[in-house]
Amino acid sequence: MLGKILGYEVNGNLILVNYKDIQCTVTMVNERVVNFFAPFFRKERNSKAVENLKCENIEFSVEKNEGCLNVKTKLLDIRIYDDFKVDIFKSNGEALCRDFRGERKPFRRLGANFSLAAEEGHKLEGHEEYKIYVSKVMENDMYFYGLGERTGSLNKKGYHYRNWNTDDPTPHGETYAQLYKSIPFLITMKDKEACGIFFDNHFESHFDMGKENSNYYYFGAKDGNLDYYFIYGPEVSKVVNEYTNLTGKTPLPQVWTLGYQYNQLQGHTNKNSLK
Numbered sequence: 025m026l027g028k029i030l031g032y033e034v035n036g037n038l039i040l041v042n043y044k045d046i047q048c049t050v051t052m053v054n055e056r057v058v059n060f061f062a063p064f065f066r067k068e069r070n071s072k073a074v075e076n077l078k079c080e081n082i083e084f085s086v087e088k089n090e091g092c093l094n095v096k097t098k099l100l101d102i103r104i105y106d107d108f109k110v111d112i113f114k115s116n117g118e119a120l121c122r123d124f125r126g127e128r129k130p131f132r133r134l135g136a137n138f139s140l141a142a143e144e145g146h147k148l149e150g151h152e153e154y155k156i157y158v159s160k161v162m163e164n165d166m167y168f169y170g171l172g173e174r175t176g177s178l179n180k181k182g183y184h185y186r187n188w189n190t191d192d193p194t195p196h197g198e199t200y201a202q203l204y205k206s207i208p209f210l211i212t213m214k215d216k217e218a219c220g221i222f223f224d225n226h227f228e229s230h231f232d233m234g235k236e237n238s239n240y241y242y243f244g245a246k247d248g249n250l251d252y253y254f255i256y257g258p259e260v261s262k263v264v265n266e267y268t269n270l271t272g273k274t275p276l277p278q279v280w281t282l283g284y285q286y287n288q289l290q291g292h293t294n295k296n297s298l299k
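Written out as structure tokens, the structure reads:
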């Protein structure tokens with residue numbers, strides 16, 4: 025618990041929010057991208073994904089109201105509270121992304137074996153604890169996309185994934201929690217409006233889209249700093265574009281650099297297919 029907001033400073037695109045034992049940073053990257061940073065692990069940023077972060081020269085206002093610090097841009101209304109809780113609204117007051125304030129309560133599917141173990145006095149494991157943990161309010165009509173190469177349906181609502189690369193030869197079923205790539209970038213969709221969350225943390229991290237509890241979704245990590253970007257679309261294409269502006273874009277290779285490409289999983293005998 026970080027406690028109450030004691031004060032703040034504005035330095036260019038940075039808003040320094042002071043708590044009792046820590047100073048958190050809100051970075052206004054542009055009109056639709058905001059970074060939230062708390063140095064729990066070390067004071068300096070040590071991102072391997074974002075280099076030379078470039079902030080646009082935008083207009084925004086900062087005002088200390090009763091109970092929160094209010095930051096407004098042309099598109100967003102950001103409210104920062106005690107304990108570095110954050111709510112983000114559109115300029116018209118419509119909620120986009122709000123921190124969950126309730127108690128963390130995993131939903132347990134109590135089968136016969138589970139009940140028997142409890143009756144016999146065995147300790148039953150609860151939820152996993154994370155050093156870095158952020159939970160957000162989940163609306164009934166929200167959808168979730170992204171997180172890289174994953175099993176399961178396109179909409180990731182109700183799933184839990186672990187970001188820890190592995191090459192496991194066992195069958196990759198729907199509930200498989202990890203594969204070859206770890207991309208901690210989540211897209212949320214509500215009322216045909218998209219937002220993105222990029223969790224810039226290089227320790228083992230987890231994303232839970234309502235599997236633990238249908239009242240909230242969360243992302244957390246075993247260690248490191250709290251460092252995440254909120255991206256407002258409202259189109260998915262704009263969210264993805266802003267994300268790749270942060271992490272970099274792969275240039276389109278020339279055809280001759282691709283060489284002779286052949287599908288390793290299925291043989292082709294047709295000359296046109298080979299071509």
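In this note's numbering, the protein residues as written are 25 to 299.
Ideal placement from N, C-alpha and C gives every residue a C-beta, glycine not left out.
Classify residue i as helix, strand or coil using the three-state DSSP reduction.
i                 : result
threonine 175     : coil
phenylalanine 113 : strand
aspartate 45      : coil
phenylalanine 131 : coil
aspartate 192     : coil
aspartate 101     : strand
tyrosine 32       : strand
Less than 6 Å between C-beta atoms, sequence neighbours within five positions excluded: which residues of the same chain meet that for residue i?
i              : result
tyrosine 169   : Ile211
valine 94      : It is worth fixing the name first, because residue 94 is asparagine in this sequence and not valine. Result list for asparagine 94: Glu87, Arg103, in chain order.
methionine 213 : Tyr167
glutamate 107  : The question names glutamate, but residue 107 in the sequence shown is aspartate. Only Met25, Leu26 meet the Cβ criterion.
serine 159     : Phe124, Tyr240, Tyr242
lysine 129     : Asn237
asparagine 269 : none
My assumption, with CB atoms under 8 Å, is that residue i sits in contact with residue j. Please give the rounded CB distance.
i              : j                : result
isoleucine 156 : leucine 250      : 5 Å
asparagine 189 : tyrosine 204     : 6 Å
tyrosine 253   : aspartate 224    : 7 Å
cysteine 79    : asparagine 37    : 4 Å
tyrosine 267   : glycine 234      : Not confirmed; about 22 Å, so no contact.
tyrosine 11    : alanine 245      : It is not possible to answer for residue 11, since the shown part of the chain is limited to 25 through 299.
aspartate 50   : phenylalanine 60 : Checking the displayed sequence, the identity of residue 50 turns out to be valine instead of aspartate. Sure, about 6 Å apart at Cβ, within 8 Å.
For residue i, which residues in the same chain have their Cβ closer than 7 Å to its Cβ, ignoring the five residues on either side in sequence?
i             : result
glutamine 278 : none
histidine 226 : Lys72, Gly248
alanine 62    : Ile46, Cys48, Phe108, Asn249, Leu250
proline 195   : none
valine 161    : Arg122, Phe124, Tyr240
isoleucine 82 : Met52, Asn54, Glu55, Thr97
leucine 120   : Ile112, Phe113, Lys114, Cys219, Tyr256
glycine 91    : Tyr105
For residue i, which residues does DSSP report across the bridge?
i              : result
lysine 160     : Asp123, Tyr241
glutamate 153  : DSSP lists no partner for glutamate 153.
methionine 213 : Tyr167, Ala218
leucine 322    : The structure shown does not extend to residue 322, since the chain is modelled only from 25 to 299, so the question has no answer here.
tyrosine 185   : Phe231
Who are the near neighbours of residue i in its chain, counting only those whose CB is closer than 8 Å to its CB and skipping five residues on each side?
i           : result
serine 206  : Gly172, Asn187, Trp188, Asn189, Ser229
tyrosine 32 : Ile39, Leu40, Val41, Asn42, Val86, Lys88, Leu93
May I have a chain-ordered list of the alpha helix (DSSP H) segments no shorter than 4 residues that lie completely inside the region 53-97?
none
Alpha helix (DSSP H) segments (min. 4 residues) lying fully within the region 215-288:
260-271
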